[in-house]
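Below you'll find the structure, written out as structure tokens, and then a few comments.
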Amino acid sequence: MKISKFKILTLVTVLVNTIDPVLARLDYNHLQKRGVIPTSTTKSCPIRCIELPNTSCGGTWQTCIPSCTGDSIPTFTPPPCTSSTTSCPTLCIDFVTNSCGGLWGTCVPHCPGQPLPTPPPCTSTPTTTPAATSSCPTLCLDFMTNSCGGLWGACVPHCPGQPFPTPTPPPCTSTPTSTSTSSCPTLCLDFMTNSCGGLWGTCVPHCPGQPFPTPTPPPCTSTPRSTTSSTSSCPTLCLDFMTNSCGGLWGTCVPHCPGQPFPTPTPPPCTTSPRTTAKTSSRTSTTSEPNCSAPARDETPYYLDQLKHQGLWHLNSSHPVYRNVKCWGAKGDGKTDDTNAIVRALTEGKTCKPGSNCQNFYIPPSLVYFPKGDYIVGKTLPIYRNTQVIGNARHQPVIRANGNAFVGSAIFETKVKESIGVGIGDFITLKNFALIGGKVPCERDFAAIRWSAGHASGIYQVQTSMSYDTVNNHRGIVVSNTPHIWMSDISADQGNIGIDLSSQSGTLRNIAIRNSKTTGIRILSSYSLTLKNLHLYNTPTGIDASKTNPGPPTSQPINSLTIIEGEITVAKVFIKTARGGSSTYPTGAGSIVLERFTVAAGVPVVQRDNGVNIYHPSPQNTYRFITLWAQGRRYTPPTYQVATMQNPITPPKFSQPVLRTEDTEGIYYEKSQPSASYQSFEPQDFISLRSHGIKGDGLTDDTFKIQQLLNLAATANRPIFVDYGIYIITRTLKIHPGTIIIGEVWPKFLAAGAYFTNPKNPHPVFQIGAPGQTGRVEIQDILVTTKAGSAGAISFQWNLKGPSLYSDVGGMWNSHSVIGAQPFSGLEASQCTHGARPLSKCTGGFMHLHITRHASDIYLENNYYASAAYQSLQPSPSQPLDIYVGRGVLYQYQIQNSANIFISGLRSTNPSFQSNPIAPAPFNVVNTTLSDPDFSVICKSHTGAAYAKCAKAFGLRIINSDNIAIYSTALIAGQDNYAASCPGGHFNCQLVMISVEKQARSPVDKLVNVYGLTVRGARYALLMDGKIIIDSQKNAGTSLALPVVAWFLVGGVLP
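Heads up, the sequence shown is in the UniProt record's numbering, so the first residue is 1 and it goes up one at a time.
Below, the structure is given as structure tokens:
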């Protein structure tokens, strides 16, 4: 992942592997003032087209102006109103490129049966294709790009059942040199009104500096006739993207006079009978829910259940992706035991039985929806991988454990190990529920949720309520044996413990825990954990981080804990720690950072597990606001000598606190996944990809049709719903400002084709905004992947400058880029098992995410960027894979020439195939524009095995950047050549994990703060311009990980 020149706030867990929150705000003015980039930096001045009202004759008109006009507002003169006549309706064709690359369109009288107009000539007359006169409906393809990057389109006949047409784009020519108007850009004026009230428009050449054109409108006929007369003089209304009875896409244009009923044209007949829903290799069938009828619908409808669901699984077209539990027999009436119906909805078709042929079994997707209701369950509800379990966001469904009759240890339990199948990541979502377990006998070990899901998974907007008996064994949420955990907007009430955690890393955001009998949050083990916006009430111990493992010596399994913002009231102690109490080993374990937290009167802030208060500031009889306090080991300038600390810290003075909100709280910005806020949209406002003829079958090129819908959605302010499927993408998808994209169980956008193969000329799969554009885009629950050989594919490229951070910023939630171990990818165990040759056949991408110099004000939450390291093969053991992503073999995160970035929960695992091959193989080009590391220079003093250990991907690089705040990292070295252990021990899997470069104090300091830095497997945790700053072996922590409580960089010049 590469971040360059922008402002970002990430409250993200990035798993590169993962981002929890990231907020990016790239500010050119700030960068120039601070001297990070020169003030002479120039930017292009794109043309911006706007639409204005015509006050003289009604309607609207358009003009195009340079967007770099500063504060001056130009004066616009609309074209004059005229009158004339014609008897045929007007047809407008727009966004077509002629042979010299100019955008054009026209509106002309067009009578039924006449040929379509041809584009105007440029320096030479273009070749045109006569309009077809067949009886098949016309399909218009628009917003396509030719080989020189020009937009073009065409309308061609397309009969149902025929292959999707692939018209030939117009050729490119050299740049026009003539100053005649024939070579000037074409300006399209549309939605103008003539003297008789008819809409019209035209496209004319318009050279810069020339007077604004005043085209003559077509004449009208006599006074428009009444609505009962002939419609020949009425305006033409074009209806498109309609589907006939056999699923074919069609459209038509018909006369429509004001006041008449909306036309309902008759679709063309099917050429073949509709296909059945039986299992078939055609992958074109639709799915249906069993026994679903009107009573299953919500009394308080949520858009998700009102949409037509047409998800398509490539291995079985009859597999029901979407499952409303009431359609599967659940009542939700608070009386009926709904267990069997819910379990069936959760599990049907989800498993491959051990002993069966599961070698090519991809776990099928399912979105299990719970309408508003009160559901009684009598046993644990299992959740397998590749499943979203979602309740009505407007009225959360309640799920109650059936008291003494309940069988099992939790209401919901993830079944990750039992999910036999191909692929990486767990992909489980649980969202929008109230879970009540208080009637289960209090002496039983019982929880609302038992969670073992890791990457690409999360718990959102869930409330738990457990037993309130004085002595009980209930817990709200139990997290165990996960590499990473994400939770947000959680409320845990009652029980013995609110949340029990055992996870390598993760972020918990916006957490409220009340009335726990002993402990709000208990942490049993963790490399690196962040708690943000935490609220604790009436719990004796707020956070218990005092767990130890017996020795000798007694050790602490908790490396690093970072707590940002929140409050605790009615408690005996806020944080319990073993550091300095029952354990002093390992050296760096038990690190804590506490920032901007309010503690009630009489509550010790930090206490050892032997009862000794470490931090209990005065005055103790009132609320205390903790600005910044830490315990652990600290590295600060100018000498960067390690110091052990257990005391308050003066916060570093950022040059501008741009990442915080403007209110009196001043917290770091955060934004929950916005899908629940789309209730202002009606179901018919959503644009469904499959409803508009897009296949998503893993075989058909869906690029052009998807782009058309993206253009339509942004123009009409309509959200896009992506039915589950595998959508082949052969060109960049351009995401315009204002776009909202919602996926159904992570539909896969599979980049393929020659366009994405050249690493010297990379292209994004998703391009969010063009340079210079401003606005908001919201993307959630989708996945980008690639076909083998896509060495030039950038999964996400973000150019869009967002609105102010203090308004409603855009971003990506629960959206991922996974390369390898995906269907149709050619990057699976049969092709890319470790050691396979040639290496080039297993290249899968250029980079996962590129936030460019143009972008700012972006919020990224719970994003997973990964190249497959293993692929499960049943009954054989999992096979290690070699999947190569260009930047991933060099680094996992790079922050370059950037400013104002907040990151929480930064996690990564470096490639385990290295040092076979040694970086940068299989790529052999150092991209100086992107500041790629040149290992031939970096490692020039090493030879042999030492060189191989040096030439490995960095976990993090920071280059010439300012105002960088990173809270909590878990940067992990990969295995060496997939070996079980590394030569020289676990501290020696690679030489360096973090490289900080070009942070010298010229012209000013550049500020970088890292709290809760945890590194595993690297000999040196951090180098600055090649000089050792942090030696891992001197800061050993749990499980051979290095925790450092705080590392501050002010400037970067060593003495």
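The C-beta atom is built at its ideal place from N, Cα and C for all residues, glycine as well.
Within 10 angstroms of the Cβ of residue 357, are there 16 or more other Cβ atoms? Answer buried if so, exposed if not. Exposed.
Candidates 980, 587, 699 and 622, of which the one nearest residue 642 by Cα: Taking each of 980, 587, 699 and 622 in turn and checking the Cα distance to residue 642, the smallest one comes out for 587.
Would a C-beta distance cut-off of 9 Å place residue 1030 and residue 1047 closer than the cut-off? Remark: C-beta atoms of residue 1030 and residue 1047 approach each other more closely than 9 Å.
Short of 6 Å in beta carbon distance, which residues of its chain neighbour residue 508, apart from the five on each side in sequence? Order them along the chain. Within the same chain, residue 508 has close Cβ partners 487 and 531.
Identity of the residue in 982, 751, 591 and 800 nearest residue 700 by Cα: Of the listed residues, the one whose Cα sits closest to residue 700 is 751.
What is the residue span of the beta strand (DSSP E) that residue 903 lies within? First-last of the beta strand (DSSP E) with residue 903: 899-909.
Suppose only complete runs of 4+ residues qualify. What are the alpha helix (DSSP H) ranges in the region 698-771, listed by chain order? 703-716, all fully within the region 698-771.
Hey, could you find the ends of the alpha helix (DSSP H) residue 795 is sitting in? From DSSP, residue 795 is part of no alpha helix (DSSP H) but of the beta strand (DSSP E) over 793-798.
Close-in-space but distant-in-sequence residues of the same chain around residue 387 (CB under 6 Å, 5 per side omitted): Within its own chain, the residues whose Cβ lies closer than 6 Å to the Cβ of residue 387, once the five positions on either side in sequence are excluded, are 366 and 428, listed in chain order.
If you drop the 5 nearest sequence neighbours on each side, which residues of the same chain put their C-beta closer than 6 Å to that of residue 797? Excluding sequence neighbours, residue 797 sits near 764, 767 and 850.
Return the chain-ordered list of same chain residues with a C-beta closer than 6 Å to the C-beta of residue 223, the five sequence neighbours on each side being excluded. Caution applies to residue 223, whose pLDDT of 41 falls short of 50 and renders its modelled position unreliable; the value that the coordinates give is listed next. If the five residues before and after residue 223 are omitted, its C-beta is found closer than 6 Å to no C-beta atom of its own chain.
Looking only at DSSP bridge pairs, what is residue 847 linked to? Bridge pairing for residue 847: 794 [DSSP].
Quick one, which of 415, 733 and 497 has its alpha-carbon nearest residue 471's? Each of 415, 733 and 497 was checked against the Cα of residue 471, and the nearest Cα belongs to 497.
Under three-state DSSP, which class holds residue 1028? Secondary structure of residue 1028 (DSSP, three-state): strand.
Within the 9 Å Cβ cut-off, does residue 666 reach chain C? Given the protein chain composition of this structure (a single chain), no chain C is represented.
Measure the Cβ-Cβ separation of residue 543 and residue 514 and say whether it is below 9 Å. Between residue 543 and residue 514, the CB-CB gap reaches or exceeds 9 Å.
Cβ-heavy atom distance between residue 905 and the ligand GDP below 8 Å? The ligand GDP is not among the ligands present in this structure, which contains no ligands whatsoever.
Is the CB-CB distance between residue 577 and residue 590 below 9 Å? A contact, by the Cβ cut-off of 9 Å.
Where do the N-terminal and C-terminal ends of the beta strand (DSSP E) with residue 428 fall, by residue? Per DSSP, residue 428 belongs to the beta strand (DSSP E) from 428-436.
Kindly indicate which residue of 963, 977, 949 and 775 has the alpha-carbon position closest to the one of residue 1019. If you compare the alpha carbons of 963, 977, 949 and 775 with that of residue 1019, the shortest gap goes to 949.
Give the range of the beta strand (DSSP E) segment to which residue 566 is assigned. Bounds of the beta strand (DSSP E) holding residue 566 are 558-569.
Quick one: what does DSSP say residue 1047 is sitting in, helix, strand or coil? In this structure, residue 1047 counts as strand in the three-state DSSP scheme.
Residue 581: first and last residue of the uninterrupted alpha helix (DSSP H) it sits in: Neither: residue 581 is in no alpha helix (DSSP H) and is coded neither H nor E.
Where the alpha helix (DSSP H) containing residue 949 begins and where it ends: Where residue 949 is concerned, the enclosing alpha helix (DSSP H) starts and stops at 944-950.
For a quick check, are the C-beta atoms of residue 484 and residue 905 less than 9 Å apart? Yes, these two residues count as a Cβ contact at 9 Å.
Could you give the C-beta distance for residue 451 and residue 407, rounded to a whole number, given that I count them as a contact under 8 Å? That belief does not hold up - the Cβ atoms of residue 451 and residue 407 are roughly 20 Å apart, past 8 Å.
Does residue 544 come out as helix, strand or coil in the three-state DSSP assignment? Strand.
Which one or two residues does DSSP pair with residue 420 in a beta bridge? Answer is none; residue 420 lacks a bridge partner.
In chain order, what residues of the same chain have a beta carbon less than 6 Å from the beta carbon of residue 993, not counting five sequence neighbours either side? So the list reads 955, 971, 1015, 1018 and 1021, once near-sequence residues are dropped.
Which partner residues does residue 535 have in the DSSP bridge list? The partner list for residue 535 (beta bridge, DSSP) reads 512 and 567.
Taking DSSP's pairing of strands, which residues face residue 774 in a bridge? Its beta-bridge partners are 801.
Alpha carbon to alpha carbon, how far is residue 966 from residue 602? Give it in angstroms, no decimals. Taking the straight line joining both Cα atoms gives about 32 Å.
Can you name the residues that DSSP bridges to residue 451? 479.
With a threshold of 8 Å on Cβ separation, who are the neighbours of residue 757 within its own chain once the five nearest residues in sequence on each side are excluded? Scanning its chain for C-beta atoms nearer than 8 Å, with the 5 sequence neighbours on each side dropped, one finds around residue 757 the residues 789, 790, 791 and 792, in chain order.
DSSP state of residue 1057 mapped onto helix, strand, coil: The chain is shown only over 1 to 1055; residue 1057 falls outside these bounds and no answer can be derived.
As an exercise, report each continuous alpha helix (DSSP H) stretch of at least 4 residues that is fully enclosed by the region 294-377, in chain order. Positions of the alpha helix (DSSP H) runs, each at least 4 residues long and wholly inside the region 294-377, are given as 303-306 and 339-347 in order along the chain.
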